[in-house]
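Colleague: Taken in order, these protein sequences are the chains called F and A.
All residue numbers for the first sequence refer to our numbering, where the first residue is 267 and numbers rise by one.
All residue numbers for the second sequence refer to our numbering, where the first residue is 23 and numbers rise by one.
For every residue, glycine included, the Cβ atom is placed at its ideal position computed from N, Cα and C.
Computed from a predicted model, the values in this text were never measured in an experiment.
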Amino acid sequence: MGWRLAAFIGRRLLYLIPIVLVVTALTSALGAMLPGDVAVSMLGTQATPAKVAALQHQLGLDLPLWRQYANWLGGLITGDFGVSYRTGEPVLSAIAQRLPVTAELMALAELGALALGVPLGMLCAARRDTAVDRLVTAGAFGMLSMPPYLLAVVLTYFLAVLWGVLPSSGYVPLADAPLANLRSMALPVLSLALVEWPPLARVLRSDMITTLRQDFVLMARAKGLSPLRILFVHALKPSSLALVTVIGLNLGRLIGGAVIVEVIFGLPGIGQMLVDATLTRDFITLQGGVVFVTLGFVLINITVDMLYAVLDPRVRHGSA
Amino acid sequence: MQVTCRSIARAAVLTAGLILSLTAGAQVRGGSVTVGVEQDIPGFDPLVIGIYDTGAMAAAAVLFDTLTRLDDDGTVQPRLATSWTHSPDFKTWTFKLREGVKFQDGTPFNAQAVASNYRRMIDPDNHCACAFYLSAIARVEAADDMTVVYHLRNPSVKLPALLSPPTVTNVFHSPAAIKERGKDYNRHPVGTGPFRLVSWQSGGELVFERNPGYWRKGHPYLDKVVVRPMRDPNARMAAVRAGDVDIIWHDIADDVVKARADDSLTVREFPASGVSAVVFNLEKPPLDDVRVRQALRYAMDLEAFTQSFMHGLMSPATDPYGPGSGFECRDVGALHYDPAKARTLLKEYGKPVRLRYMVTAEPRGQAVGQIFQAFWEAVGVRVTLDPVDQTTFVNRSFVGDFQIGGWRIIDLADPDPQMYADFRTGSVVNISNYSNAKVDRLLEEARNTADTDRRIAAYCDIARELNHDLPWIWVTNNHYFSIARIGLRGVHKQYSDVVDVADAWWAQD
Numbered sequence: 267m268g269w270r271l272a273a274f275i276g277r278r279l280l281y282l283i284p285i286v287l288v289v290t291a292l293t294s295a296l297g298a299m300l301p302g303d304v305a306v307s308m309l310g311t312q313a314t315p316a317k318v319a320a321l322q323h324q325l326g327l328d329l330p331l332w333r334q335y336a337n338w339l340g341g342l343i344t345g346d347f348g349v350s351y352r353t354g355e356p357v358l359s360a361i362a363q364r365l366p367v368t369a370e371l372m373a374l375a376e377l378g379a380l381a382l383g384v385p386l387g388m389l390c391a392a393r394r395d396t397a398v399d400r401l402v403t404a405g406a407f408g409m410l411s412m413p414p415y416l417l418a419v420v421l422t423y424f425l426a427v428l429w430g431v432l433p434s435s436g437y438v439p440l441a442d443a444p445l446a447n448l449r450s451m452a453l454p455v456l457s458l459a460l461v462e463w464p465p466l467a468r469v470l471r472s473d474m475i476t477t478l479r480q481d482f483v484l485m486a487r488a489k490g491l492s493p494l495r496i497l498f499v500h501a502l503k504p505s506s507l508a509l510v511t512v513i514g515l516n517l518g519r520l521i522g523g524a525v526i527v528e529v530i531f532g533l534p535g536i537g538q539m540l541v542d543a544t545l546t547r548d549f550i551t552l553q554g555g556v557v558f559v560t561l562g563f564v565l566i567n568i569t570v571d572m573l574y575a576v577l578d579p580r581v582r583h584g585s586a
Numbered sequence: 023m024q025v026t027c028r029s030i031a032r033a034a035v036l037t038a039g040l041i042l043s044l045t046a047g048a049q050v051r052g053g054s055v056t057v058g059v060e061q062d063i064p065g066f067d068p069l070v071i072g073i074y075d076t077g078a079m080a081a082a083a084v085l086f087d088t089l090t091r092l093d094d095d096g097t098v099q100p101r102l103a104t105s106w107t108h109s110p111d112f113k114t115w116t117f118k119l120r121e122g123v124k125f126q127d128g129t130p131f132n133a134q135a136v137a138s139n140y141r142r143m144i145d146p147d148n149h150c151a152c153a154f155y156l157s158a159i160a161r162v163e164a165a166d167d168m169t170v171v172y173h174l175r176n177p178s179v180k181l182p183a184l185l186s187p188p189t190v191t192n193v194f195h196s197p198a199a200i201k202e203r204g205k206d207y208n209r210h211p212v213g214t215g216p217f218r219l220v221s222w223q224s225g226g227e228l229v230f231e232r233n234p235g236y237w238r239k240g241h242p243y244l245d246k247v248v249v250r251p252m253r254d255p256n257a258r259m260a261a262v263r264a265g266d267v268d269i270i271w272h273d274i275a276d277d278v279v280k281a282r283a284d285d286s287l288t289v290r291e292f293p294a295s296g297v298s299a300v301v302f303n304l305e306k307p308p309l310d311d312v313r314v315r316q317a318l319r320y321a322m323d324l325e326a327f328t329q330s331f332m333h334g335l336m337s338p339a340t341d342p343y344g345p346g347s348g349f350e351c352r353d354v355g356a357l358h359y360d361p362a363k364a365r366t367l368l369k370e371y372g373k374p375v376r377l378r379y380m381v382t383a384e385p386r387g388q389a390v391g392q393i394f395q396a397f398w399e400a401v402g403v404r405v406t407l408d409p410v411d412q413t414t415f416v417n418r419s420f421v422g423d424f425q426i427g428g429w430r431i432i433d434l435a436d437p438d439p440q441m442y443a444d445f446r447t448g449s450v451v452n453i454s455n456y457s458n459a460k461v462d463r464l465l466e467e468a469r470n471t472a473d474t475d476r477r478i479a480a481y482c483d484i485a486r487e488l489n490h491d492l493p494w495i496w497v498t499n500n501h502y503f504s505i506a507r508i509g510l511r512g513v514h515k516q517y518s519d520v521v522d523v524a525d526a527w528w529a530q531d
């Protein structure tokens, strides 16, 4: 089994190469379609055609697009992500400083969504078609239809402005002060988690209803095990296959949500970097960010596929 | 009602001023101020970033010093320069520098440092985007250790005032630090200012601590200043209301009105010089016809626009200078709202008018676009909005790919640099492609005259010509705002839209 898992992971990692190539080539092409480039953006209100041409030459932007891309790719292979046109900051160093912020935001948001979604999903399954089930379902659809940017504003108004219990801005690095860091992350995390839990709860509910009909659950009941023990110890694992898929999908969506939430709360993460880089046409920085987002996306998917094997013996033994 | 509100506000400002003068000398030391600014700060090296926007200038105001400063009356005062003289033709200016000033890295601030900063920015091999702002300067040289001489290509009557705001070309970097840091200097700037940069996470806030060797004894009052980029205006407003941030740069009228009603906040406002404007591209029909442009102006009820959209906080502009410029022109022939005249002019023109109006794709740009679109459609002009992002907007303005666009004349101590660039025939920044021999002559005259009255007369004549030809429609006079927690004192006037907390302090409760 060990070598098969290794082969599986190796194969998936190999896919990563064409994926990164396609995604970054597309990003390059899309960027080139936008009017104006980083030279225009840097010159601002003085971006006269002659000055733009001079700066483009200086930055190497007058080369054909495929050569710019090839140059960038050549650098990437040797681990050189290039230097931001706009700030002169090495892209890799900018990403290294911002990645922990986004990773923490996403991890906490997903944990928060699980902390809400799993118990509520199980509650609904156990109390199927009762008032509780309907109430949670209504709440789930209400939250699902709430965009994170709206929720962010509403939460800020109540929790920061009106009651003053949480800070509305000002990221504190985790290493500097863990508690202050968690406080500064609370509103962004809530804004994401509160819209991410409903799909988890819904999927878990329906799978668990199926599981609870199985003979082994009846058997457990007959043995007199407590309902909570049955739910958590016996029923949760076999019901969580679809849940894991949704978590994987959710994390992908969270990258998009992180962009919005980071801009609103001024968090110095990858999302904010992508927005700034796009608006200022700093495509070297954008490309570097895109590589890491792509990596993250693919690695999450590999992890999800591996979890299937852990959760479902049929996948593990290749006899589905 | 409006009058009452304004007079109350004015009385409040006067009272605040009185309290300030009574407690002068009682400035409290210590504490920290967090400034919320709109844009992410890309850095400080002129060669790398080319220009400071409002965010970078708020940081530059505490990190660096300029040669001069404007006091609250708008009079030029010494800062790094102690005195100055000029040649009779105003083309050579000599500044005496302050003795004993050191950069934050301990190296001395002197005439060689000043000259070296300019040499670096002007050197054509360095391709500094900032060089445009220095195009009037031929060279800056050190006459001796403590004397610098500016040799200008054109006369500049107001040079000392123009050197006062902390723009990219007005602040002084330590030449030693530039040499030592090289490419890294952009994110590790060293100035002579009251605060030095101690930490800056990529994309995050900049933390400044008091410069213990600052040349002004007893300054600064604060121990720490934090400059925090916050792109979202709602988030910025929420942060200052919640007290997470102490002062914010802001431009949303609704929030200014809310903040005025909030006991825990102070609104500071500065009626500046300059205007925001609608810009026509005169190269293509139908906007090459002055009747169409005049019709579009007659269709605009700017009084109603400023009252409703801006709660009367800003006033409609009748010339490009504004009340903050000190230039009061009598009767500059500004057109006013008159839809009947607009229809008559369009009828004279005879052909149906269809236009595309390029606006910035953010809520404010689009809202203003929709209001003007409604004005114009009401007199029978078909207008399509064309929302684009800021970079696209600037790019298309310069390559002439627009019919109606927009531009700003920013707050500077003198109209010459911008008026000459925006309206002189053939100037690369003249995005309207406007050409009027009389305006050209008047621009030269204003540039080459030191006599204040003659300059005002020339600029008022220019405004009259522009109000007739209408390459641009002046919309509102610039008016800058900041919103702060109530106890914050000593914030300077918002010259050039800089939120300057270098001399701020906290009142004791």
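Under three-state DSSP, which class holds K246(A)?
Modeller: strand
Colleague: Evaluate M252(A) with the Cβ neighbour count: other Cβ atoms within 10 Å of its Cβ, from every protein chain shown; 16 or more gives buried, anything less gives exposed.
Modeller: buried
Colleague: Can you tell me where the alpha helix (DSSP H) holding R365(A) begins and where it ends?
Modeller: 361-371
Colleague: Could you check what DSSP says for S359(F) in three-state terms: helix, strand or coil?
Modeller: Note: S359(F) maps to helix in three-state DSSP.
Colleague: Between the stretch 539-556 of chain F and chain A, which residues of the former have CB atoms less than 7 Å from a CB of the latter, in chain order?
Modeller: M539, D542, L545, T546, R547
Colleague: At a Cβ threshold of 8 Å, is A294(A) touching chain F?
Modeller: Chain F, which has no Cβ nearer than 8 Å to the Cβ of A294(A), makes this no.
Colleague: Hey, is the stretch 387-405 of chain F in contact with the stretch 463-473 of chain F, meaning 3+ C-beta pairs nearer than 8 Å?
Modeller: Contact holds: three or more Cβ-Cβ distances are below 8 Å.
Colleague: So, is the C-beta of Y574(F) closer than 8 Å to a C-beta in chain A?
Modeller: no
Colleague: Within the continuous alpha helix (DSSP H) that includes M409(F), where are the two ends?
Modeller: 397-410
Colleague: For R250(A), which option in G523(F), T551(F), S505(F), I530(F) has the closest C-alpha, if you only look at C-alpha atoms?
Modeller: Comparing Cα-Cα distances from R250(A) to each of G523(F), T551(F), S505(F), I530(F), the minimum goes to I530(F).
Colleague: As a quick exercise: from L552(F), V286(F), I521(F), pick the residue whose alpha carbon is nearest that of V367(F).
Modeller: I521(F)
Colleague: Give a yes or no on whether 8 Å exceeds the smallest Cβ distance from M308(F) to chain A.
Modeller: yes
Colleague: Per DSSP, N233(A) forms a beta bridge with which residues?
Modeller: None, per the DSSP bridge assignment.
Colleague: Who pairs with P409(A) in a beta bridge, going by DSSP?
Modeller: V381(A)
Colleague: Under the assumption that L464(A) contacts D483(A) (Cβ atoms under 8 Å), give the Cβ distance between them as a whole number of angstroms.
Modeller: Contact flag correct, Cβ pair sits at about 5 Å.
Colleague: Using Cβ-Cβ distances below 7 Å, what residues of the stretch 230-260 of chain A are close to chain F?
Modeller: Residues of the stretch 230-260 of chain A whose Cβ lies closer than 7 Å to any Cβ of chain F, in chain order: R250, P251, M252, R253, D254, N256, A257, A260.
Colleague: Ignore the nearest five residues each way along the sequence and tell me which others in V262(A)'s own chain have a CB closer than 6 Å to its CB.
Modeller: I270, I505
Colleague: Indicate whether the contact test is met: 3 or more Cβ pairs, each with one atom in the stretch 535-542 of chain F and one in the stretch 481-490 of chain F, closer than 8 Å.
Modeller: no
Colleague: Straight-line CA distance for T107(A) to P242(A)?
Modeller: Whole-angstrom Cα-Cα distance: 29 Å.
Colleague: In chain A, what lies closer than 7 Å to F531(F) by C-beta?
Modeller: A257, listed in chain order.
Colleague: How about I526(F) and Y351(F): are their beta carbons less than 8 Å apart?
Modeller: no
Colleague: Quick one, which residues of the stretch 402-420 of chain A are near chain F if we go by CB-CB under 9 Å, in chain order?
Modeller: V410, D411, Q412, T413, T414, F415, V416, N417, R418, S419, F420
Colleague: If you pair each beta-carbon of the stretch 360-374 of chain A with each one of the stretch 301-318 of chain A, do three or more pairs fall below 8 Å?
Modeller: Yes: at least three Cβ pairs fall under 8 Å.
Colleague: Closest Cβ-Cβ distance between I71(A) and chain F: below 8 Å?
Modeller: yes
Colleague: Nearest-angstrom Cα distance between V55(A) and D268(A)?
Modeller: 6 Å
Colleague: Check the DSSP bridge columns for Q99(A) and list the partner residues they point to.
Modeller: Per DSSP, R91(A).
Colleague: Applying the criterion that 16 or more other CB atoms from any shown protein chain within 10 Å of the CB defines a buried residue, is S492(F) buried or exposed?
Modeller: exposed
Colleague: Under 6 Å Cβ to Cβ from F503(A), same chain only, skipping five residues before and after it: list those, please.
Modeller: Contacts found: H272, V278, E291.
Colleague: Pull the bridge partners of H501(A) from the DSSP assignment, please.
Modeller: P293(A), per the DSSP bridge assignment.
Colleague: Name the DSSP bridge partner or partners of Y442(A)?
Modeller: Beta-bridge partners assigned by DSSP to Y442(A): none are found.
Colleague: For chain A, find out if any of its Cβ atoms is closer than 8 Å to the Cβ of A313(F); answer yes or no.
Modeller: yes
Colleague: To the nearest angstrom, how far is it from the Cα of C351(A) to the Cα of P338(A)?
Modeller: The alpha-carbon atoms of C351(A) and P338(A) are separated by roughly 15 Å.
Colleague: Just verifying my parser: in three-state terms, what is the DSSP assignment at E462(F)?
Modeller: helix
Colleague: Please classify F424(F) as buried or exposed, where buried requires at least 16 other C-beta atoms within 10 Å of its C-beta.
Modeller: Exposed.
Colleague: In chain A, what lies closer than 7 Å to P534(F) by C-beta?
Modeller: Q223, S224, G225, G226
Colleague: Taking F327(A) as the reference, give the member of S347(A), F302(A), V497(A), A480(A) with the closest Cα.
Modeller: V497(A)
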